[in-house]
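Here the structure is laid out as structure tokens; the discussion comes afterwards.
2 protein chains.
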Amino acid sequence: MDNLLKYIHSLTVFSEESWESLQPALSKKQFKKNDFLLHEGQICNSLFYIDSGYCKSYYEVDGAKKNTAFFFENDIATNISSFGSGEKSEYNIIACEPLTVVIFDKQQLFKAAKETAEIEALGRNCIRLFASKQEEFSTLFKLYSAQERLKYLEVNHPDMLQRVSLSQLASFLGVARETLSRIRKRRTLV
Amino acid sequence: MDNLLKYIHSLTVFSEESWESLQPALSKKQFKKNDFLLHEGQICNSLFYIDSGYCKSYYEVDGAKKNTAFFFENDIATNISSFGSGEKSEYNIIACEPLTVVIFDKQQLFKAAKETAEIEALGRNCIRLFASKQEEFSTLFKLYSAQERLKYLEVNHPDMLQRVSLSQLASFLGVARETLSRIRKRRTLV
DNA sequence: TTAATCCTGTGACGATCGTCACAAAATTAC
DNA sequence: GTAATTTTGTGACGATCGTCACAGGATTAA
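Protein sequence lines correspond, in order, to chains Z and P.
Going by UniProt numbering, 138 is the number at position 138 of the first sequence; the sequence numbering is gapless.
Going by UniProt numbering, 45 is the number at position 45 of the second sequence; the sequence numbering is gapless.
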């Protein structure tokens, strides 16, 4: 839980007592590669703090898997719509490597947040960060071409390129795998 | 303020006292068409509740304006990254029509939230909705072609098509104005 | 009402992308 | 270590898209 505590302190003021009050909402869990953290049709009742490894969210459209996000160490993974509204998830979250997470249980978290203002503030900050990240990647598509989007990742998220395979990345960037391969070739020649 | 109060009640439990405590954070403001709610380089210290009219966010890239979001009645407009982190905004928010908003002042809001748990919860819910919306439109680009994105808006946000001009919409959908014009033509013929 | 400005449609053409097909390379399983 | 599987590279080709150019229609300002 060390990483999580550091993460929390980087976000907000958090006392020893708040940390104690938060404990009932927390549980550590391991996932093997290709295990589901969240399955399409399920209701998302958790925030997943990524301790080690990484996972991704993807839609299944006409049999094809389309990646919509990757979550690495110190990220929070969740379906924010389903978590907030209680409706069924339209997509999956799956481990891409052996994965260790700390699960925030929604019901317990809300209970703790009601009693402890710092926990409520923590929840708000987690969601805010999540929203910022969504906004960042949403903007990518409106501002840049496929080639420019790749460059953006190289500059701003080089870790992602290191760990995610070309095929998986292509899906995330919204282009065919062959196209990404050719973009990469074009770029290295220039 | 009637619309705002209804909006708040649709999001969360909110007592008469909480509403009173919130007042110091609120102020009503009118914008003319093409007035800036937020200018690139400014720090965003407000949440803008849209009471009537609509506005948009856009980046200025190489002299070209690229729309990234539209905000209509009962939406919250803000730069969530700048609002959260205190860093300068990289984009603009501008009124597309005569606009009436209720401004949530950040400092006053945080002060009120510290003292009133329901206000803290309201803030969290506003941000959550904002995140859900970002996620929705972010996903659009990863799952669908330009033509399918247009269809999605027709089905899920017909109001947007009614009020936003073709040129403005094209920028939001990430295609050239001419392309959107041709997509529309293709579709009406089939 | 008239002029100026903005918005939309359309043709031409080159650039980019998606799809299919198959081979090579890398990874995984046994 | 070998076989099976997955991932990546590449050619061909048709579809879509961006850009430039210009004309007509709609809207706005005086």
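Beta carbons are placed, not taken as given, at the ideal position from N, Cα and C, and that holds for glycine.
Since this is a predicted model, take the numbers as computed values, not measurements.
Can you tell me the Cβ-Cβ gap for residue i and residue j, rounded? I've got them flagged as a contact below 8 Å.
i	j	result
ALA95 (chain P)	CYS55 (chain P)	5 Å
THR12 (chain P)	GLU90 (chain P)	With a Cβ gap of about 30 Å, THR12 (chain P) and GLU90 (chain P) do not count as contacting.
GLY84 (chain P)	SER132 (chain Z)	6 Å
residue 235 (chain Z)	VAL101 (chain Z)	Because chain Z is modelled from 1 through 190, residue 235 (chain Z) falls outside the range shown and cannot be assessed.
GLU135 (chain P)	GLN134 (chain Z)	5 Å
PRO24 (chain Z)	ALA112 (chain Z)	7 Å
ARG149 (chain Z)	ILE127 (chain P)	Incorrect: roughly 26 Å between the Cβ atoms, too far for contact.
For residue i, list the residues DSSP reports as bridge partners.
i	result
CYS55 (chain P)	P:PHE71, P:ALA95
ILE43 (chain P)	P:LYS88
LYS66 (chain P)	P:TYR59
PHE31 (chain Z)	Z:LEU99
ASP105 (chain P)	P:SER46
ILE76 (chain Z)	Z:TYR49
LEU38 (chain P)	P:ILE93
LEU22 (chain Z)	DSSP lists no partner for LEU22 (chain Z).
Does the beta carbon of residue i sit closer than 8 Å to a beta carbon anywhere in chain P?
i	result
ARG186 (chain Z)	no
LYS65 (chain Z)	no
LEU12 (chain Z)	The sequence shown places Thr at residue 12 (chain Z), rather than the Leu named in the question. For THR12 (chain Z), the answer is no, since every Cβ of chain P falls outside 8 Å of its Cβ.
TYR59 (chain Z)	yes
ILE80 (chain Z)	yes
GLY53 (chain Z)	no
ALA117 (chain Z)	yes
ASP105 (chain Z)	no
Can you find a CB in chain Z that lies within less than 8 Å of the CB of residue i?
i	result
SER181 (chain P)	no
ILE43 (chain P)	no
THR68 (chain P)	yes
ALA112 (chain P)	no
SER27 (chain P)	no
SER15 (chain P)	no
SER21 (chain P)	no
ALA146 (chain P)	no
Given a cut-off of 8 Å on the beta-carbon distance, is the pair residue i and residue j in contact?
i	j	result
ILE80 (chain Z)	PHE130 (chain Z)	yes
PHE70 (chain P)	VAL164 (chain P)	yes
LEU47 (chain Z)	PHE110 (chain Z)	no
LEU122 (chain Z)	ILE8 (chain Z)	yes
ASN92 (chain Z)	TYR144 (chain Z)	no
ARG124 (chain Z)	GLU120 (chain P)	yes
GLU40 (chain Z)	GLU60 (chain Z)	yes
ASN142 (chain P)	GLY174 (chain Z)	The sequence given here has Lys at residue 142 (chain P), not Asn. In this structure, GLY174 (chain Z) lies closer than 8 Å to LYS142 (chain P) by Cβ.
THR116 (chain P)	SER52 (chain P)	no
LEU166 (chain Z)	LEU153 (chain Z)	no
THR139 (chain Z)	THR139 (chain P)	no
Any heavy atom of the ligand HEM closer than 7 Å to the Cβ of residue i?
i	result
CYS44 (chain P)	The model on display carries no ligand, and the ligand HEM is accordingly not part of it.
Problem - Contacting positions in the segment 150-174 of chain Z - beta carbon closer than 9 Å to chain P - result: SER171, PHE172, LEU173, GLY174
Practice task
Scan the segment 120-144 of chain P for residues whose Cβ lies nearer than 7 Å to a Cβ of chain Z and list them as they occur along the chain.
Solution key: Correct list: GLU120, ALA121, GLY123, ARG124, ILE127, ARG128, PHE130, ALA131, SER132, GLN134, GLU135, PHE137, SER138, THR139, PHE141, LYS142, LEU143.
Handout entry: Under 7 Å (Cβ pairs) to chain Z, residues found in the segment 80-94 of chain P
Key = The residues in question are ILE80, SER81, GLY84.
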